[in-house]
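Just below is one structure, and these are the notes that go with it.
2 protein chains.
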Amino acid sequence: MSVTAPAGFTAAGVSARLKASGKLDLGLLLSDRPAMAGGLFTTNLFAAAPVVLDKRRLANGSARAIVANSGQANAGTGREGMEDAEAITAAVAAVLGIDDADVLSCSTGVIGPRIDVERAADGVADAAARLSIGGGRDFATAIRTTDKVTKETVVHGDGFTVGGCAKGAGMIAPDLATLLVFLTTDAVAPSPTVVRHTLRHGAAPVWNSVTVDGCTSTNDTVLLLANGASGVTPAPEALVEAVGAACHDLARQIVADAEGAETTLIVQVEGAATDGDAQKVGRSVAGSMLVKTAIFGKDPNPGRIIQAVGSSGAHFEPERVEATLGGVLVVEAGRIPPSFDPEKCTEAMREKEVVIRIYLGEGLGSATAFGCDLGYEYVRINGEYTT
Amino acid sequence: MSVTAPAGFTAAGVSARLKASGKLDLGLLLSDRPAMAGGLFTTNLFAAAPVVLDKRRLANGSARAIVANSGQANAGTGREGMEDAEAITAAVAAVLGIDDADVLSCSTGVIGPRIDVERAADGVADAAARLSIGGGRDFATAIRTTDKVTKETVVHGDGFTVGGCAKGAGMIAPDLATLLVFLTTDAVAPSPTVVRHTLRHGAAPVWNSVTVDGCTSTNDTVLLLANGASGVTPAPEALVEAVGAACHDLARQIVADAEGAETTLIVQVEGAATDGDAQKVGRSVAGSMLVKTAIFGKDPNPGRIIQAVGSSGAHFEPERVEATLGGVLVVEAGRIPPSFDPEKCTEAMREKEVVIRIYLGEGLGSATAFGCDLGYEYVRINGEYTT
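Encoded structure:
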């Protein structure tokens, strides 16, 4: 169900032969009525054509449909890439009988090559004919690249529903992968401002804390469509909470499926001066190549956590810092305690999901970061892609 | 010779049994007269005890001796760590008959464990007895951890000499390694301000552009002693140039010896709005896990260069960007050119040193960044250290 779980949304996923493999590679999502819409986009200056197009079309805060393809990222494609994105969304508008300006677009795949627009248009016609309430799964499947599993979520609010799906092996390998997140809700969002508030406070903190390799894709996009089909207008914070829960669920699925990863790393930071500082510390630890390789090798080396916390850019007094790994005390009063037990620490790293908790002793700021280990398989996937 | 190449400097390196292996692990460097001195230090908040000590002692801008050990980083060691660093420098001052305040200290090795001060003091006495003009090589050897080779340099200025040595498998694995750089010169530096100016403009641009894994150590230190023994007072820019050349030479040696690296990556950025922007782009490309794994796997994937340039934080118009890899055109007018030849690109990556040139088309800012590939060996070294 995922993106089609909220009332008023249908979807489909088809093979448009954009991928040589013949797997599903084009997804279409439609709201049966105009929806309030907003997005979060990559900060990469080489933003892909669909990112530029979506930003422009979301200026009015509404949308009806989303077309997404895998196989080509439509980035590094110049002016022709923008023409291709416009042509594909025009095909969607024509077949659905809606306005071009109400169609959004996302692409993921290899940077450089252009999308075969003719094949994409045929795929759009095929997908439009297959739109259904049960089509959320196919949509979520059609956006996969190196993802091993489909990532979907449904969150039930008080009288409304939030659905979502995502793709991405964790912001890793942006030329193969990319982070795309599609969120739908049948809640009434009285204005585009409510959608933007929900994205900023419900979605952004989660997606800015997911890291696999620290590489910001040219295509990263998070879209939220609120079509009001439930007739329920939740309090702004209830919508933020439901969307946040959906994002949390998807983020966990993303890092668990990250390319080459064996272990999920969750970094919970508390006691920071601000939430922003907590996020800096979380990202620094979850993104550290040294922490990641230590987790992979089950190497009981708390010096690497100290290193990553200290160079995060957050403000704190080192003497107050405490940390645990899988419940084992690894930092106390800013130092590695004489009682530190390497064997217990190694044992704790054998879990499928390793939780590092860090307390800074400065204030009430907190954040959670999502990452994964770094092993041989990551190097193989990213070093031997074309060979 | 290295640090003892300039007149008035002697050095030694001994085994103080701080390392279980019995290899050289304690180095001593002495200027026969007071020297103007300055340093560049890690920005990590968990700065090691010797970093804190050196910063304090360099406030007056002069020094006579440096004691450096490998085996233990003396970081994450709390108040006791500071007492240990003070005790070791006191031993140096006593045996050399100089003031405690004129002795600087550096440590590199595992974070957490304390240094055995008794053994270190014995080592200091031993080293003091062996101080010689030919001792630069032993000093440079005693500071090695996972370094496979000793890194030394000598640059001859107009009537003065700059010597240097460094250790570090490239800012990689700060619990095993760390970047330590020792620079000496017999040039007359009329004031500590000249030394600081030389470090800021000759050394900092180089050492801020070396990256292996983006991890800032708790112990990173660059020290420069100018004892004036040549009697020559070079123009400030001549000293900057000579020290810059020495740092350049050492930086190349560092990345060539980076843990697990097979290929050196040199990123030359030109046409940036400012030198700072050029440095951002260089660091982003040289530090990108995706570029690094592509270099390792000889994967002809210019999308990864676009991704890293675009997310560097530098300001530019994407449409003006050009890039070459080993002389092969990979980005033109901000896109991957239709004429791009993957086979030529792969061929270019088979070199021991791969040069990526990036032109931003904004201004006259330029910078060079130094990095390396990321392969299985990095993962093995950093994942299996204790197992």
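So the protein lines, in turn, are chains V and A.
Residues in the first sequence are numbered consecutively from 796, following my numbering.
Residues in the second sequence are numbered consecutively from 796, following my numbering.
All C-beta atoms, glycine included, are put in the ideal place defined by N, C-alpha and C.
The structure presented is a predicted model; accordingly, all values stated were derived computationally and were not measured.
Asked: Taking only beta-carbon atoms, is Asp970/V less than 7 Å away from chain A?; Found: A caution first: Asp970/V carries a pLDDT of 44, below 50, which makes its placement in the model unreliable, though a value can still be read off. Asp970/V counts as touching chain A.
Asked: Could you tell me if Asp895/V is buried or exposed, where buried requires 16 or more neighbouring beta carbons within 10 angstroms of its beta carbon?; Found: exposed
Asked: Name the two residues that bound the continuous beta strand (DSSP E) containing Arg995/V.; Found: Premise fails: Arg995/V is in no beta strand (DSSP E) and is neither H nor E.
Asked: Based on the DSSP output, what are the partners of Asn864/A in its beta bridges?; Found: Leu821/A and Ser902/A
Asked: Between the region 1098-1115 of chain V and chain A, which residues of the former have CB atoms less than 9 Å from a CB of the latter, in chain order?; Found: Gly1098, Arg1099, Ile1101, Gln1102, Ala1103, Val1104, Gly1105, Ser1106, Ser1107, Gly1108, Ala1109, His1110, Phe1111, Glu1112, Pro1113 and Glu1114
Asked: Counting only Cβ pairs nearer than 8 Å, list the residues of chain A close to Gly1129/V.; Found: Phe841, Gly871 and Gly873
Asked: At the 7 Å Cβ level, is Thr1088/A part of the contact set with chain V, yes or no?; Found: yes
Asked: Answer with buried or exposed for Arg1115/V, where buried requires no fewer than 16 other C-beta atoms within 10 angstroms of its C-beta.; Found: exposed
Asked: At what residues does the alpha helix (DSSP H) containing Val976/V begin and finish?; Found: Run containing Val976/V: none in the alpha helix (DSSP H); it sits in the beta strand (DSSP E), Leu975 to Thr980.
Asked: Whose Cβ in chain A lies nearer than 8 Å to the Cβ of Phe1091/V?; Found: Val1174 and Gly1178
Asked: Are there 16 or more other CB atoms within 10 angstroms of the CB of Glu1065/V, so buried, or fewer, so exposed?; Found: buried
Asked: Is DSSP giving Glu1065/V helix, strand or coil here?; Found: strand
Asked: Between Thr1013/A and chain V, is there a C-beta pair that is closer than 7 Å?; Found: yes
Asked: Who are the Cβ neighbours of Ala1089/A in its own chain at under 7 Å, not counting the five residues just before and after it?; Found: Asn1096 and Arg1099
Asked: In chain order, which continuous runs of the beta strand (DSSP E) of length 3 or greater are located wholly inside the region 1104-1147 of chain A?; Found: 1117-1120 and 1123-1126
Asked: What's the call for Pro985/A, buried or exposed, on a 16-neighbour Cβ count within 10 Å?; Found: exposed
Asked: For Val976/A, collect the residues of the same chain with a Cβ closer than 6 Å to its Cβ; drop the 5 residues on either side in sequence, then sort them by chain order.; Found: Ala961 and Val1017
Asked: In angstroms with no decimal places, state the Cα-to-Cα distance between Thr838/V and Val1050/A.; Found: 30 Å
Asked: If we cut at 7 Å on Cβ distances, does Tyr1171/A have a partner in chain V?; Found: yes
Asked: Ile910/V and Ala868/V - do their beta-carbons sit closer together than 7 Å?; Found: no
Asked: Is Pro845/A helix, strand or coil when you go by DSSP?; Found: helix
Asked: Let's see if you can read the secondary structure: which residues bound the beta strand (DSSP E) around Phe1165/A?; Found: Gly1160 to Cys1167
Asked: At 9 Å on the CB atoms, spell out the chain A contacts of Ile906/V, in chain order.; Found: Asn1096, Pro1097, Gly1098, Arg1099, Ile1101, Gln1102 and Ile1131
Asked: Any residues in the region 827-854 of chain V with a beta carbon nearer than 9 Å to a beta carbon of chain A? Which ones, in chain order?; Found: Thr837, Thr838, Asn839, Leu840, Phe841 and Ala842
Asked: Beta strand (DSSP E) containing Val1017/V: first to last residue?; Found: Thr1016 to Ala1021
Asked: If you compare alpha carbons, which of Ala1041/V, Val1174/V and Glu1117/V is closest to Glu1054/V?; Found: Val1174/V
Asked: Using the Cα positions of Glu1117/A and Gly1092/A, report the straight-line distance between them to the nearest angstrom.; Found: 23 Å
Asked: What residues in its chain sit with their C-beta under 8 Å from that of Val890/V, if we drop five residues either side in the sequence?; Found: Val919, Ala920 and Ala923
Asked: Quick one: Cα of Gly817/V to Cα of Val809/V, how far?; Found: 10 Å
Asked: Is the beta carbon of Ala1056/V closer than 7 Å to that of Glu1157/V?; Found: no
Asked: Quick test of your reading: Leu899/A and Asp933/A, contact by CB under 8 Å. State the CB separation rounded to the nearest angstrom.; Found: Wrong, their Cβ atoms sit about 18 Å apart, outside the cutoff.
Asked: From this set, Pro987/A, Thr941/A, Asp1072/A and Val983/A, which residue's C-alpha is nearest Asn1022/A's C-alpha?; Found: Val983/A
Asked: Please report how far the alpha carbon of Gly1082/V lies from the alpha carbon of Gly1108/V, in whole angstroms.; Found: 14 Å
Asked: Please go through the same chain and pick out, in chain order, the residues whose beta-carbon is closer than 8 Å to the beta-carbon of Ala998/V, but skip the five residues on each side of it.; Found: Leu835, Val976, Leu978, Val1017, Leu1019, Val1038, Gly1039 and Cys1042
Asked: Go ahead and label Ile1131/A buried or exposed: buried means 16 or more other beta carbons lie within 10 angstroms of its beta carbon, across all protein chains shown.; Found: buried
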